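Worksheet: the structure to be examined is printed underneath.
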Amino acid sequence: MTQFNLNLNAAKPDDQGHYEFQNVFEFPDFIEMRPLLRAAVRTVAQEAFDQPVLPVKVERMTTSLEAKMERETRKYARQLGIYDNQKGERNELVRLFTHVLQIISRTDDITEELEDIIYAVNQTRLSLIGLPALVGTGDLYDEEADQELIVGTYYHYVTEQLVKPYLKEPTGAMVPTNVNGGGRHLVVKMTTYAYRDWDAYLMHEYDEQHVVKNEKGLGDSEYYDRLEAIELKYADHCYAEVLADTYQDFVKVLVPNFVAQFEIMSTDLRPIIAQFPGVAIQLKAIISRRFCLDEAGYEHVMDAPLAAIKKKYDFYRQNFA
5 MTQFNLNLNA AKPDDQGHYE FQNVFEFPDF IEMRPLLRAA VRTVAQEAFD QPVLPVKVER
65 MTTSLEAKME RETRKYARQL GIYDNQKGER NELVRLFTHV LQIISRTDDI TEELEDIIYA
125 VNQTRLSLIG LPALVGTGDL YDEEADQELI VGTYYHYVTE QLVKPYLKEP TGAMVPTNVN
185 GGGRHLVVKM TTYAYRDWDA YLMHEYDEQH VVKNEKGLGD SEYYDRLEAI ELKYADHCYA
245 EVLADTYQDF VKVLVPNFVA QFEIMSTDLR PIIAQFPGVA IQLKAIISRR FCLDEAGYEH
305 VMDAPLAAIK KKYDFYRQNF A
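The numbering used here puts the last residue of the sequence shown at 325; the count rises by one with no breaks.
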């Protein structure tokens, strides 16, 4: 087993008191790291049982641990500090990151990809250990609590623009009392997309398609009907690309002219927009283009994908059924 210096580049405030929190979930190449991280968390879950259990129990614990790991880490990255009542929770999270590091390091075949994830996970671990103390009390993790959009950050700002046609008072804020039913549905949808694991979502689609493709006795028409229903059900995965492209467009506007780096879950856009009103105009134009807003401000991201799916299966049924 290869030994790593797990105290390398320990996090601490700089001379101005600023604390730089390095979050593995915000690393640019995290999408490539996620499968390795998930596999390590699954091993943590397996090792938590004293005796063999059904695979479904391991998967449930894996999902729970992974969600807890990411949500707690993002919380401390936003706080940039730790309240006294959170120290036990933070210490448990550090132990989880340490266990993950130990699992990832159980090999002598160290690739560049492996070195990258070891560095990212360890820097997050050190950032958690070095959190400055905060006065007062803070929120503790509740896995049953709904996840919310973080005010001022990317997803909140985008949703704030998309919800404008649904506001009861057009100049008012995006608060529950000022948003009609359609707007509340949109906010829930955008919150879901902000925290959705799109890789797992697509795997569910592939699994459902696999079942249909291997089911015996289906007539051609029913076969295409079933596949069409699945594609329509999962068609909203197009938002993953729209949100990613919108984010990259934001980065081009904001970095490095207004911020050194733009992190999707933690950078607060409000001070930038307050100081530079022209930035808001540029960002709103990006949202309008990427989300296909009409003159009334309603988004039409799904129009083209849904039409394409229906057209494709109409063609199949007419020509092959």
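Even for Gly, the Cβ is constructed at its ideal location relative to N, Cα and C. On a predicted model such as this, the values are computed, not experimentally measured, just so you know.
Can you name the residues that DSSP bridges to residue i?
i    : result
I86  : A137
V62  : The partner list for V62 (beta bridge, DSSP) is empty, contrary to what the question assumes.
V183 : L171
Quick check on residue i: does DSSP put it in helix, strand or coil?
i    : result
G176 : coil
A43  : helix
S225 : helix
P414 : Since the first and last residues shown for the chain are 5 and 325, residue 414 lies out of range.
D201 : coil
R110 : coil
I313 : helix
H160 : helix
Y145 : coil
G301 : coil
F319 : helix
F29  : helix
M37  : helix
Q151 : coil
M73  : helix
D23  : Note on identity: in this sequence residue 23 is Tyr, with Asp being the wrong assignment. Note: Y23 maps to coil in three-state DSSP.
P93  : Residue identity check: residue 93 is Glu in the sequence provided, not Pro. If DSSP states are grouped into helix, strand and coil, E93 belongs with the helices.
T6   : Unreliable positioning characterises T6 in this predicted model, as indicated by a pLDDT of 48, which lies under 50. A coordinate reading is not provided.
E219 : coil
A325 : coil
T306 : Checking the displayed sequence, the identity of residue 306 turns out to be Met instead of Thr. Residue state, collapsed to three classes: coil.
F101 : helix
T128 : helix
T115 : coil
Going by C-alpha distance, which of the options is nearest residue i?
i    : options                   : result
Y145 : T111, S68, V155 and L190  : S68
E76  : L97, G92, A311 and K61    : L97
A300 : D224, P174 and L236       : P174
E226 : R200, Y320, Q165 and S292 : Y320
R46  : Y23, A71, F25 and V215    : A71
Q279 : S292, V263, M269 and L105 : V263
S109 : L40, R99 and K91          : L40
A44  : R64, D249, G156 and V104  : V104
T66  : L130, R82, A49 and A81    : A49
R327 : E219, Y23, P281 and L100  : Missing from the structure shown is residue 327; the chain here goes from 5 to 325 and no further.
I133 : E209, K91, I107 and V192  : K91
G156 : Q286, E147 and M178       : M178
E147 : P136, L206 and E74        : E74
R94  : L130, G187, P59 and I107  : L130
A248 : K79, I268, I234 and Y238  : I268
P169 : N27, T250, L222 and D298  : D298
L206 : D224, A198 and Y238       : Y238
T196 : V215, I154 and G223       : I154
Q4   : A198, K193 and I234       : Limits of the chain in this structure are 5 at one end and 325 at the other, which puts residue 4 out of reach.
L100 : A137, R42, E63 and P59    : R42
A284 : W202, E164 and K193       : E164
N323 : F254, E209, D224 and V255 : D224
Using a threshold of 7 Å, is the CB atom of residue i nearer than that to any non-hydrogen atom of the ligand NAD?
i   : result
E70 : Within the structure as shown, the ligand NAD is missing, as the structure has no ligands at all.
Alpha helix (DSSP H) segments (min. 4 residues) lying fully within the stretch 239-291: Listed in chain order, they are 242-258 and 274-279.
The stretch 110-128 in contact with the stretch 152-163 per 3-pair CB rule at 8 Å: The stretch 110-128, when compared against the stretch 152-163, does not touch it at the 8 Å Cβ threshold.
At least three beta-carbon pairs within less than 8 Å, the stretch 254-270 to the stretch 227-242: Below 8 Å, too few C-beta pairs join the stretch 254-270 and the stretch 227-242 to call them touching: fewer than three.
Three-pair Cβ contact test at 8 Å for the stretch 44-55 versus the stretch 75-87: Judged by pairs of C-beta atoms under 8 Å, the stretch 44-55 does not touch the stretch 75-87, as fewer than three such pairs exist.
The stretch 311-318 touching the stretch 179-191, judged by at least three CB pairs closer than 8 Å: Because the criterion of three Cβ pairs below 8 Å is not met, the stretch 311-318 and the stretch 179-191 do not touch.
Any 3 or more C-beta pairs closer than 8 Å across the stretch 120-131 and the stretch 31-43: Cβ pair count under 8 Å is three or more, so yes.
The stretch 232-245 contacting the stretch 292-309, beta-carbon criterion three pairs below 8 Å: A contact exists between the stretch 232-245 and the stretch 292-309.
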